[in-house]
Amino acid sequence: MKFPESIQTERLILRPWRESDAAALFRCAADPRVGPACGWLPHTGEDYSREVIRTILSADGTYALTLPETDEAIGSVSLQPTTHPDCIGHLMLGYWLGADWWGNGYMPEAAEALLRCGFEELGLTEIWCSHFEENHNSRRVIRKLGFEYRFLSRELAPFLGQMKDVWYYVKTP
Numbered sequence: 016m017k018f019p020e021s022i023q024t025e026r027l028i029l030r031p032w033r034e035s036d037a038a039a040l041f042r043c044a045a046d047p048r049v050g051p052a053c054g055w056l057p058h059t060g061e062d063y064s065r066e067v068i069r070t071i072l073s074a075d076g077t078y079a080l081t082l083p084e085t086d087e088a089i090g091s092v093s094l095q096p097t098t099h100p101d102c103i104g105h106l107m108l109g110y111w112l113g114a115d116w117w118g119n120g121y122m123p124e125a126a127e128a129l130l131r132c133g134f135e136e137l138g139l140t141e142i143w144c145s146h147f148e149e150n151h152n153s154r155r156v157i158r159k160l161g162f163e164y165r166f167l168s169r170e171l172a173p174f175l176g177q178m179k180d181v182w183y184y185v186k187t188p
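16 is the number of the first residue of the sequence shown in this note's numbering; add one for each residue after it.
Listed below in structure tokens is the structure:
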């Protein structure tokens, strides 16, 4: 499966993460409103953010959301293999956005572009997505994108060390 190097939308450029994005990532990911809603702890410094870029965000199919006028990373969107046993063999849409950019429609715009790539260019037949029970912002994005609810699962959020109710959705072309 070959993901495109970058994807352009009306207002964003989705491109690979770079180690030079560590400061921008830290500014977004240090905010306690962002990470815990997605299953990870707030970042504690630029060095930690740089390591996250190296070990997690550098995966094929993971993109930094950037504003064309500044090239600053303001969030992330990805298609990665699912880990839930009921979805194995498919890709999962994942995303987060820095709180300063919430409410501008950036995430649905970016996710829709990546979904279109998944279905039209990669030939996927279904894409999954999930959110924690309390993550109402993600639920709104998922509904805007046209995903259909499939099931609820009680799972350990390993980075948070807590059990969480996770809602799962699927989208087909």
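Where is the CB? At the ideal position from N, CA and C, for every residue including glycine.
Presumed contact (8 Å Cβ cut-off) between residue i and residue j, rounded CB distance
i	j	result
W182	N152	About 13 Å; that fails the 8 Å criterion.
L175	L56	7 Å
G133	L160	Wrong, their Cβ atoms sit about 12 Å apart, outside the cutoff.
A172	G54	5 Å
Start and end residues, beta strand (DSSP E) containing residue i
i	result
E163	163-172
C144	142-147
S91	88-96
8 Å Cβ shell around residue i - same chain, five flanking residues per side excluded
i	result
L129	I22, L29, Y78, V92, S93, L94, L108
I68	W32, R33, E34, D36, A37, L40
T97	I103, G104, H105, L106, M107, W143
7 Å Cβ shell around residue i - same chain, five flanking residues per side excluded
i	result
A114	D46, R48, V49
I157	C144, H146, Y184
Among the options, the one whose alpha carbon lies nearest that of residue i
i	options	result
K17	L137, T187, I142, L160	L137
F41	L82, E87, P19, E25	E87
S145	S73, R169, A125	R169
Short CB-CB distance (under 8 Å) between residue i and chain C
i	result
L175	Reference to chain C is not applicable here, since this structure consists of a single protein chain.
Any non-hydrogen atom of the ligand GDP closer than 7 Å to residue i Cβ
i	result
E34	The ligand GDP is not part of the structure shown, which contains no ligands of any sort.
N-terminal and C-terminal residue of the alpha helix (DSSP H) that residue i is part of
i	result
M16	Unbroken run through M16: none, as it is neither H nor E.
R154	151-159
**OP:** Starting from the N-terminal side, write out each stretch of the alpha helix (DSSP H) that is 4 residues or longer and does not extend beyond the region 43-84.
**Re:** Fully enclosed alpha helix (DSSP H) runs of 4 or longer: 50-53, 61-67.
**OP:** Could you pull out every unbroken alpha helix (DSSP H) segment of at least 4 residues lying fully inside the region 103-143, listed in chain order?
**Re:** Counting only runs of 4 or more, we get 121-131.
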